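Engineer:
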Amino acid sequence: MFLCELTDTLGVETLVTDDVGLAAEILRGGGVVAFPTETVYGLGANAFDGEAVGNIFAAKGRPADNPLIVHVSDAVHIDEIAAELNAHAVAFIEKFFPGPLTIVARGTGRVSAMATCGLETIAFRMPANPLAHELIKAAGIPLVAPSANISGRPSPTTWEAVAEDLSGLIACILKGEPTEIGLESTVVDCTGDVPILLRAGAVSLEQLRDVVAETVILNFADDMAVRSPGLRHKHYSPQARVVIIENDASVEPSQEAAYIGIDLPVGAFGVLKLCSTPEDYAHSMFEFFRECDRAGINVIYCQSVAEQGIGTAIMDRLRRASVG
Ligand code: TXA
Ligand code: MG
Numbered sequence: 014m015f016l017c018e019l020t021d022t023l024g025v026e027t028l029v030t031d032d033v034g035l036a037a038e039i040l041r042g043g044g045v046v047a048f049p050t051e052t053v054y055g056l057g058a059n060a061f062d063g064e065a066v067g068n069i070f071a072a073k074g075r076p077a078d079n080p081l082i083v084h085v086s087d088a089v090h091i092d093e094i095a096a097e098l099n100a101h102a103v104a105f106i107e108k109f110f111p112g113p114l115t116i117v118a119r120g121t122g123r124v125s126a127m128a129t130c131g132l133e134t135i136a137f138r139m140p141a142n143p144l145a146h147e148l149i150k151a152a153g154i155p156l157v158a159p160s161a162n163i164s165g166r167p168s169p170t171t172w173e174a175v176a177e178d179l180s181g182l183i184a185c186i187l188k189g190e191p192t193e194i195g196l197e198s199t200v201v202d203c204t205g206d207v208p209i210l211l212r213a214g215a216v217s218l219e220q221l222r223d224v225v226a227e228t229v230i231l232n233f234a235d236d237m238a239v240r241s242p243g244l245r246h247k248h249y250s251p252q253a254r255v256v257i258i259e260n261d262a263s264v265e266p267s268q269e270a271a272y273i274g275i276d277l278p279v280g281a282f283g284v285l286k287l288c289s290t291p292e293d294y295a296h297s298m299f300e301f302f303r304e305c306d307r308a309g310i311n312v313i314y315c316q317s318v319a320e321q322g323i324g325t326a327i328m329d330r331l332r333r334a335s336v337g
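Residue numbers (our numbering): 14 to 337.
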């Protein structure tokens, strides 16, 4: 069994373990535990315990008006937290659970208001990662979990990245493999007559439309602040400036600059990542941003990709990272 403790200057000890039973015990006792999912690492707490949920917001420095996703391991949990699932929600659940899809539906009111930010709706998903599944099952309660990073930083795709941001601030990190997908789940609002894609992810708009043809994509300028509060906050940003480049745009190679993309750039860069596919790009992007920060890079050139499949999610995260 792997076990070690990380302590920061505050003197709070963060247990790093691969013992699911121990991590579940900490959760049941009201503690906050980071754990791997197939998308990114999450920072979990008992969804019914307002004080535990409050500790997530405190550790991340997360704005209090940004609601959390509830992570479930079975249909019993879904019944506990979500009411009035419509036919679209049921169809998406049947097709994509467990997996990287989050459904927004009307809530039962059982989840702590701290987590829902007082909304009448609830966002929930069933992670496909076996460790995440085991942890929720062992804890016996649904877990609310945002990505396990300091708010505004790139989401963590390794347990080391979680430790980089949160060691000394949380009780425990459940140590797993690097996450498969690398970008956060797709979020789809199923509270109305027509499903609305709120956040792009590994489950693509095309795949959602295969199940419910009328699914629409949220117009960025429209009502996104009302629909999904988290979308209006700054996200995913490394310290370096992120510059999105189209294929014909010029980049200025230097040792203080970095490049990530599918095609080989001209010139030498301080940090370089060539991705074999859009999936590889998604998988590598957030860790690459962190690597650039560790290397003291000033500007990160990111090659744009076609907005289809996972490419829509890649471009969404790149645009948000490049703002501000
Ligand atoms: O892949 C993921 O979804 C990861 C892993 C850990 O599961 N979690 C994640 O959580 O990305 P977070 O907190 O970083 O993003 C949650 C998103 C935010 O955009 C938030 O506004 C939205 O879900 N959300 C939560 N509750 C909502 C609701 N009731 N209505 C609309 N959007 C909601
Ligand atoms: Mg996040």
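Don't be surprised by glycine CBs; every beta carbon is placed ideally from N, CA and C.
Note that this is a predicted model, so its numbers are computed, not measured.
Check whether the Cβ of residue 298 lies closer than 8 Å to any Cβ atom in chain D.
Structural biologist: Of the protein chains in this structure there is only one, and it is not chain D.
Engineer: Closer than 7 Å: is that where the CB of residue 79 sits relative to any heavy atom of the ligand TXA?
Structural biologist: yes
Engineer: Using a Cβ-Cβ cut-off of 6 Å (strictly less than) and excluding sequence neighbours within five positions of residue 266, which residues of its own chain qualify?
Structural biologist: 280, 281, 282
Engineer: At a cut-off of 7 Å, would you count residue 197 as near the ligand MG, judging by its Cβ distance to the nearest heavy atom?
Structural biologist: yes
Engineer: What are the start and end residues of each continuous beta strand (DSSP E) run of 3 or more residues lying completely inside the stretch 100 to 144, in chain order?
Structural biologist: 114 to 119, 134 to 138
Engineer: Should residue 217 and residue 325 be called a contact, given that it needs their Cβ atoms to be closer than 8 Å?
Structural biologist: yes
Engineer: Among 314, 251, 274, which residue has its Cα nearest to the Cα of residue 268?
Structural biologist: 314
Engineer: Here's a check: name, in chain order, each residue in its chain whose Cβ is nearer than 7 Å to the Cβ of residue 109, leaving out the five neighbours to either side.
Structural biologist: 216
Engineer: For residue 208, tell me which candidate among 297, 98, 332, 153 has the shortest Cα-Cα distance.
Structural biologist: 98
Engineer: Output needed for residue 305: all residues of its chain with C-beta closer than 7 Å, excluding positions within five of it in sequence on either side, in chain order.
Structural biologist: 251, 253, 271, 284, 313
Engineer: Looking at the structure shown, is residue 183 part of a helix, part of a strand, or coil, going by DSSP?
Structural biologist: coil
Engineer: Is residue 224 near residue 114, with beta carbons less than 8 Å apart?
Structural biologist: Going by beta carbons, residue 224 and residue 114 fall outside the 8 Å limit.
Engineer: Within the chosen definition, does the stretch 121 to 130 reach the stretch 46 to 56 through at least 3 CB pairs nearer than 8 Å?
Structural biologist: no
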